[in-house]
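Presented below is the structure to which this report refers.
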Amino acid sequence: MKILVTGGLGFIGSHTAVELQQAGYEVVILDDCSNSSEKVLDGITAITGQRPIFEKIDLKQKPDVIDFFKRHADLSGVIHFAASKAVGESVENPLLYYENNINTLVYILKQLAQKEKAGFIFSSSCTVYGQAEKMPITEDAPVKAAESPYGNTKQIGEEIISDTCKVTPHMNAISLRYFNPIGAHQSAEIGELPIGIPQNLVPFITQTGIGLREQLSVFGDDYPTEDGTCIRDYIHVVDLAKAHVVALERLIEGKNKKNYEVYNIGTGTGSSVLEVIESFERVSGKKLNYKIVGRRPGDVIQAYADTTKANKILGWKAQSSLDEAMRLAWLWEQKIRA
Ligand code: WQD
Numbered sequence: 000m001k002i003l004v005t006g007g008l009g010f011i012g013s014h015t016a017v018e019l020q021q022a023g024y025e026v027v028i029l030d031d032c033s034n035s036s037e038k039v040l041d042g043i044t045a046i047t048g049q050r051p052i053f054e055k056i057d058l059k060q061k062p063d064v065i066d067f068f069k070r071h072a073d074l075s076g077v078i079h080f081a082a083s084k085a086v087g088e089s090v091e092n093p094l095l096y097y098e099n100n101i102n103t104l105v106y107i108l109k110q111l112a113q114k115e116k117a118g119f120i121f122s123s124s125c126t127v128y129g130q131a132e133k134m135p136i137t138e139d140a141p142v143k144a145a146e147s148p149y150g151n152t153k154q155i156g157e158e159i160i161s162d163t164c165k166v167t168p169h170m171n172a173i174s175l176r177y178f179n180p181i182g183a184h185q186s187a188e189i190g191e192l193p194i195g196i197p198q199n200l201v202p203f204i205t206q207t208g209i210g211l212r213e214q215l216s217v218f219g220d221d222y223p224t225e226d227g228t229c230i231r232d233y234i235h236v237v238d239l240a241k242a243h244v245v246a247l248e249r250l251i252e253g254k255n256k257k258n259y260e261v262y263n264i265g266t267g268t269g270s271s272v273l274e275v276i277e278s279f280e281r282v283s284g285k286k287l288n289y290k291i292v293g294r295r296p297g298d299v300i301q302a303y304a305d306t307t308k309a310n311k312i313l314g315w316k317a318q319s320s321l322d323e324a325m326r327l328a329w330l331w332e333q334k335i336r337a
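Now the structure itself:
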């Protein structure tokens, strides 16, 4: 069976391509390489021994999307990662985000709606919950007003899919609401490749550890949490990738109860910024140079998943600990800087 992975050269997309191939699927990667490199194909091939089919396509070009789906009429499913995902950039350039994250989704869904059967997995985010009232966060926690255009594109994306599925009974979709993906493949052939100064905590930590960054700034230690720093649910990217294969198979095998479902994908455990730093120091044996600075606007105090639904209904559970994911993130950082 052939599966399209849009944004498949990206961090989560490339790890999912590996898991799909290892589960026996033929993978077609579509990526515009705006935030990734074709070299990632070599990493995927080094792990699985199979080079995915790759097409460099800008999904904002509707005719190219239509042409692609005509040439790949035998697709059994689509996993849609392709999107811009920098929270800060989305505030400065909202139209870039609405065009790149929404128009492209609509073009793909229009093609899928014309197929007899189509399984669609959407890359969503816990960011849709904003600051949830109750921890851990369940899927029926209210979706809050988005804190950024990026977060808004995830909320709007979910609504577009839900509305489409309501009137397209043969379309089956699942949105996976990721918490915080970290780590790298155990082979150190693929991993996170942030361009420029990393926005996210773990790549900034490993770049500080390797000496690429002078010092980590911890954005605030005056939050109402045990050690004063924000709490997140850091999930190993390979666990997250496996969740996509399980979700896709649920649709392909027709096990889904409704033709649109939503799952939180996290570990179910919250870790503070200082605990993540301690994890790095444990696995690397190095002292991390950091300082406490002011809060970052838009940060929620805490967000970690209630994973009961994914565990019980999807039949998926995260396997790796924070230390294991951090150890692999550090191994990857050392490999790419060697
Ligand atoms: C985690 C914690 C920061 C950097 C974002 C998006 C989310 C998803 C994952 C795309 C926070 C603190 C961070 C630093 C720090 N992105 N921090 N110093 O903000 O939870 O989630 O990335 O899908 O949608 O919202 O992740 O890694 O940026 O921050 O102190 O240099 O680390 O304040 O508490 P976040 P993050």
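Under numbering that gives the first Met the number 0, the first residue of the sequence shown is numbered 0, with each subsequent residue one higher.
Where is the CB? At the ideal position from N, CA and C, for every residue including glycine.
Taking Cβ to Cβ, would you say residue i is nearer than 8 Å to residue j?
i: Asp217; j: Thr224; result: Looking at the sequence itself, residue 217 is Val, so the reference to Asp does not match. Contact: no.
i: Ser283; j: Trp331; result: no
i: Asp31; j: Lys69; result: no
i: Leu175; j: Ser123; result: yes
i: Gly76; j: Gly118; result: yes
i: Leu215; j: Tyr289; result: yes
i: Ile291; j: Ile204; result: no
i: Ala324; j: His184; result: no
i: Tyr262; j: Leu321; result: no
i: Gln110; j: Ile65; result: yes
Under the rule that 16 or more other beta-carbon atoms within 10 Å means buried, what is residue i, buried or exposed?
i: Thr307; result: exposed
i: Ser33; result: exposed
i: Gly253; result: exposed
i: Gln130; result: exposed
i: Ala242; result: buried
i: Pro180; result: buried
i: Leu40; result: buried
i: Ile264; result: buried
i: Ser278; result: buried
i: Gln318; result: exposed
i: Ile78; result: buried
Express the C-alpha separation of residue j and residue i in angstroms, rounding to a whole number.
i: Leu247; j: Phe80; result: 14 Å
i: Tyr177; j: Ala337; result: 31 Å
i: Tyr259; j: Gly9; result: 25 Å
i: Ser271; j: Asp226; result: 8 Å
i: Gly156; j: Arg212; result: 35 Å
i: Glu339; j: Tyr149; result: Since the first and last residues shown for the chain are 0 and 337, residue 339 lies out of range.
i: Ile136; j: Cys125; result: 9 Å
i: Thr266; j: Asn151; result: 24 Å
i: Ser36; j: Gly297; result: 30 Å
i: Leu200; j: Tyr303; result: 16 Å
Give the DSSP bridge partners of residue i, in chain order.
i: Phe203; result: Looking at the DSSP assignment, Phe203 forms no beta bridge with any residue, so it has no partner.
i: Leu29; result: Thr5, Glu54
i: Tyr233; result: Asn179
i: Asn171; result: Gly118
i: Gly76; result: Ile2, Gly118
i: Gln301; result: Ile230
i: Tyr289; result: Leu215
i: Asn263; result: Arg176
i: Ser270; result: Arg231
i: Ile11; result: Paired residue(s): none; Ile11 is not in a bridge.
i: Ile136; result: Ala304
i: Ser124; result: Tyr177
Excluding the five sequence neighbours on either side, which residues of its own chain have a C-beta within less than 6 Å of the C-beta of residue i, listed in chain order?
i: Gly219; result: Arg294
i: Lys285; result: Gly208
i: Ile46; result: Val17, Ser186, Glu188
i: Pro193; result: Pro202
i: Arg326; result: Val282
i: Ile173; result: Ile120, Ala246, Glu260
i: Ile230; result: Thr224, Gly269, Ser271, Gln301
Is any non-hydrogen atom of ligand 2 found closer than 7 Å to the C-beta of residue i, if you look at the structure I gave you?
i: Asp298; result: Among the ligands modelled here, namely ligand 1, ligand 2 does not occur.
Skipping 5 residues on each side, what residues in its chain have a beta carbon closer than 8 Å to that of residue i?
i: Lys133; result: Ala140
i: Ile159; result: Ile101, Leu104, Val105, Leu108
i: Leu74; result: Lys1, Ile2, Leu3, Val27, Phe68, Lys114, Ala117
i: Gln198; result: Ala85, Val86, Gly87
Identify, in the order they occur along the chain, each residue of the same chain with its Cβ nearer than 7 Å to the Cβ of residue i, setting aside the five sequence neighbours on each side.
i: Ala112; result: Thr163, Thr167, Met170
i: Thr44; result: Arg50
i: Ala22; result: Val244
i: Gly314; result: Val245
i: Gln154; result: Val127, Val142, Ala145
i: Pro93; result: Pro148
i: Leu250; result: Gly76, Gly118, Asn171, Ile173
Could you tell me whether the Cβ of residue i comes closer than 8 Å to any Cβ of chain B?
i: Glu115; result: The structure shown has no chain B; it contains just one protein chain.
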